[in-house]
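In what follows, a single structure is set out as structure tokens and then discussed.
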Amino acid sequence: MEILQAGFETAVRSRFGLDEDDLPNEEINQPLIVDVAEALIKRRVPRYTEITDDIEFLFLKNAVISQICAILCPSMPRRLDLKVAVSDVKIEKEKVDWIKQQEIYLQEVESNLSQITSVEVLTSAGTPIVGLIRNERKPIGRR
48 MEILQAGFET AVRSRFGLDE DDLPNEEINQ PLIVDVAEAL IKRRVPRYTE ITDDIEFLFL
108 KNAVISQICA ILCPSMPRRL DLKVAVSDVK IEKEKVDWIK QQEIYLQEVE SNLSQITSVE
168 VLTSAGTPIV GLIRNERKPI GRR
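Position 103 of the sequence shown, counted from 1, bears residue number 150 in the numbering used here, the numbering being contiguous throughout.
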């Protein structure tokens, strides 16, 4: 891990509203989750090591955490028991649309990356976001 620091697992669980029993550190720290999430963000921000602004680096970390959450979403229905019964007490957890939740986390990734302005941030297609905003075409009605 180059972007995240120890203890980031708490932030991931917090985003899901879960405790360590439902989502242990070992599940979050699997290489195909954490390493892939960091690699995806590094691909989008190739010069991330040049970020010197503390706030922008927090947005970078937040983007990685949101990416981890998005990666975990498809497996969440298998991880969580919706109904728990102990003696006379029965608890039923709220059902979550994990595909919709995954989309929300991916939107958070984009929102966090859009806050980084000191280095170039690429779109998922590999082009700078600035290139999408700035257009060389003349406005309609102008000659």
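All residues carry an ideal CB built from backbone N, CA and C; glycine is no exception.
Whether residue 225 touches residue 107 by CB criterion (8 Å): Here the chain has residues from 48 to 190 only, and residue 225 is not among them.
Cβ neighbour criterion (16 or more within 10 Å) applied to residue 77: exposed
Own chain partners of residue 148 with C-beta closer than 7 Å, once the 5 adjacent residues on each side are dropped: 120
CA nearest to the CA of residue 115, picked from 150, 163, 98: 150
DSSP-derived helix/strand/coil call for residue 51: coil
Pairwise C-alpha distance: residue 109 and residue 167: 17 Å
Reduced DSSP category for residue 169 - H, G, I as helix; E, B as strand; rest coil: strand
Under the three-state DSSP convention, the category residue 148 falls into: helix
Nearest-angstrom Cα separation, counted from residue 85 out to residue 22: Any answer about residue 22 is impossible in this case: the structure gives the chain only from 48 up to 190.
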